[in-house]
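Working notes for the structure below.
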Amino acid sequence: MLDISSESLSEEKYLVTNIQRYSINDGPGIRTTIFLKGCPLHCAWCHNPENIHPYQEFFYNKDKCVRCGRCAEACPQKAVTPPRERRFKTNPDPPLRSLNVSPSEAGLTVAELAEETVEIDFPKFDREKCQRCFQCVDACEYGALYLASKPMTLDEMYREVKSDELFYESSGGGITLSGSEPLLHPELVISLFKRARQDGIHTVLDTTAYAKWETIARVLPHVDLFLLDIKVMDDRKHKKWTGVSNQLILENARKMACMGANMRLRMVIVHNVNYWEPDHARQIAEFAGELGESVSGIDIIPYHNFAEVKYERLGLNYVFKGFPNLFNEDVEAYRKIIAENGQWETTVGGLMGVRKKSGLTPCVR
Ligand code: SF4
Ligand code: SF4
Numbered sequence: 408m409l410d411i412s413s414e415s416l417s418e419e420k421y422l423v424t425n426i427q428r429y430s431i432n433d434g435p436g437i438r439t440t441i442f443l444k445g446c447p448l449h450c451a452w453c454h455n456p457e458n459i460h461p462y463q464e465f466f467y468n469k470d471k472c473v474r475c476g477r478c479a480e481a482c483p484q485k486a487v488t489p490p491r492e493r494r495f496k497t498n499p500d501p502p503l504r505s506l507n508v509s510p511s512e513a514g515l516t517v518a519e520l521a522e523e524t525v526e527i528d529f530p531k532f533d534r535e536k537c538q539r540c541f542q543c544v545d546a547c548e549y550g551a552l553y554l555a556s557k558p559m560t561l562d563e564m565y566r567e568v569k570s571d572e573l574f575y576e577s578s579g580g581g582i583t584l585s586g587s588e589p590l591l592h593p594e595l596v597i598s599l600f601k602r603a604r605q606d607g608i609h610t611v612l613d614t615t616a617y618a619k620w621e622t623i624a625r626v627l628p629h630v631d632l633f634l635l636d637i638k639v640m641d642d643r644k645h646k647k648w649t650g651v652s653n654q655l656i657l658e659n660a661r662k663m664a665c666m667g668a669n670m671r672l673r674m675v676i677v678h679n680v681n682y683w684e685p686d687h688a689r690q691i692a693e694f695a696g697e698l699g700e701s702v703s704g705i706d707i708i709p710y711h712n713f714a715e716v717k718y719e720r721l722g723l724n725y726v727f728k729g730f731p732n733l734f735n736e737d738v739e740a741y742r743k744i745i746a747e748n749g750q751w752e753t754t755v756g757g758l759m760g761v762r763k764k765s766g767l768t769p770c771v772r
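The sequence shown begins at 408 in this note's numbering and counts up by one.
Here it is, written out as structure tokens:
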């Protein structure tokens, strides 16, 4: 495949939903994490739903909406139902009852007594009809509509990374590329990580490993540490909750181990998916054992519901709406099982120690 140089990438723009500074959960030390848009998986609990689709989107924050209707006027697709005024009469009975008089005793008709109330509906956005021109966003003067991501060039991203360099030196941190799935943009990953390494900056790729092996093989030499998400080992469940089979992911992980990649496995513990299922931890430990010394640690991440509001603002259905947060103590049993089955550095909740490079791993296949 054609290897595109960083020079030819310099004008290309990528959709970045967030650049998180001083991150301590996305690899060792203090890191700058760049979140890219687009993912081949659709995990039902995804805590970054704005990253799933590979295209630009808008958020709608009802709390800031003054129902002026400018968004509807601006929409060329008629995808916005304008705020509509609704007038209705309130029931006059309760106030009269409190005075202990009937309408006729008061000398008034019910209609005369009724008070008119006016309510204005919020606008409604039909995301199916939407052609993503974002004229509604431009028209909204109240900040109720805003874009989910910012197009950025490689140079712009790297400038952000470099500005935090001092923190990396003192903490053993560096750059993390995350998503959704950064492997959708292998040229960007390679070029950014090449630059980082030239400057002595540690590189971490947070990935699902759901990609062609050729893509991973090209990226692999530029990555100091992979954070590899293993959702569930049971393929039937994996398809149900993420939309895809886990066979490619597991196969790629084995190949990565053969190539001596340094990995941490990450397991998110989610209600109904793998919570209260100690077998899940055993299976992960078994798989980590299969990958040998390539696996330097296992991270257990309890489910949190902070993304609920993002689903609402994106007009997406959230399967886990109303489910409570899980805490570190809720997943303690999983940590024990992992500890009983191997020598991995295990974290709960995300915080991990300073970087640790494992040696080359003999091929496990
Ligand atoms: S989203 Fe913005 S433009 Fe549309 S009605 Fe609300 S405040 Fe007005
Ligand atoms: S982004 Fe969608 S909803 Fe907004 S103006 Fe364009 S077509 Fe209409």
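The C-beta atom is built at its ideal place from N, Cα and C for all residues, glycine as well.
- The criterion of a C-beta distance shorter than 9 angstroms is not satisfied by residue 714 and residue 460.
- Shown here for residue 678: same chain residues with a beta carbon closer than 7 angstroms to its own, the five before and five after excluded, namely 710, 727, 730 in chain order.
- Excluding sequence positions up to five before and after residue 680, its CB lies within less than 8 angstroms of the CB of 451, 452, 638, 639, 644, 648, all in the same chain and listed in chain order.
- Rounded to the nearest whole angstrom, the CA to CA distance from residue 552 to residue 545 is 8 angstroms.
- A distance of 9 angstroms or more separates the beta carbons of residue 609 and residue 756.
- Check the Cα spacing between residue 751 and each of 693, 719, 720: the tightest is with 693.
- A Cβ-Cβ distance of about 7 angstroms is found for the pair residue 633 and residue 669, placing them in contact under the 8 angstroms criterion.
- If you look at residue 615, you'll find it isn't in any beta strand (DSSP E); DSSP assigns it neither H nor E.
- Assigned with DSSP and collapsed to three states, residue 621 falls in helix.
- With the criterion CB distance below 6 angstroms from any heavy atom of ligand 1, the matching residues run 472, 473, 474, 475, 476, 477, 478, 490, 530, 546, 547, 549, 551, 552 along the chain.
- Between residue 497 and residue 528, the alpha-carbon positions lie close to 18 angstroms from each other.
- In the three-state scheme derived from DSSP, where H, G and I count as helix and E and B as strand, residue 745 is classed as helix.
- Excluding sequence positions up to five before and after residue 653, its CB lies within less than 6 angstroms of the CB of 642, 645, all in the same chain and listed in chain order.
- Ligand 2 approaches residue 483 closely enough that one of its heavy atoms is under 8 angstroms from the residue's Cβ.
- Relative to ligand 2, the beta carbon of residue 532 is positioned inside 8 angstroms of a heavy atom.
- Spatial neighbours of residue 748 in its own chain (CB-CB distance under 6 angstroms, excluding positions within 5 residues in sequence) are listed in chain order as 692.
- Using a Cβ-Cβ distance cut-off of 8 angstroms, the segment 464 to 473 and the segment 588 to 606 are not in contact, since fewer than three pairs of beta carbons, one from each stretch, lie closer than that value.
- Residue 732 sits in coil when the DSSP states are folded into three classes, being neither helix nor strand.
- The beta carbons of residue 440 and residue 583 sit about 4 angstroms from each other, so the pair counts as a contact at 8 angstroms.
- Note that the segment 569 to 586 does not touch the segment 480 to 491; fewer than 3 beta-carbon pairs, one per stretch, sit closer than 8 angstroms.
- Residue range 552 to 554 is occupied by the beta strand (DSSP E) that includes residue 553.
- Restricted to the segment 639 to 693, the alpha helix (DSSP H) segments that are unbroken, complete and at least 4 residues in length are 642 to 649, 654 to 665, listed in chain order.
- Taking the CA atoms as reference points, residue 695 sits about 50 angstroms from residue 530.
- For the pair residue 560 and residue 421, the CB atoms are nearer than the 9 angstroms cut-off.
- DSSP places residue 422 in the uninterrupted beta strand (DSSP E) bounded by 421 to 430.
- When the five nearest sequence neighbours on each side are left out, the beta carbons in the same chain lying within less than 7 angstroms of the beta carbon of residue 542 are those of 481, 482, 483, in order along the chain.
- One thing to note: residue 721 has its Cβ no nearer than 9 angstroms to the Cβ of residue 588.
- Cβ neighbours of residue 725 within its own chain (closer than 7 angstroms, five residues either side excluded): 715, 718.
- Spatial neighbours of residue 525 in its own chain (CB-CB distance under 8 angstroms, excluding positions within 5 residues in sequence) are listed in chain order as 492, 493, 494.
- DSSP lists 423 as the beta-bridge partner residues of residue 443.
- Residue state for residue 581 is assigned as strand, using DSSP reduced to three classes.
- For residue 557, the beta-bridge partners assigned by DSSP are 423.
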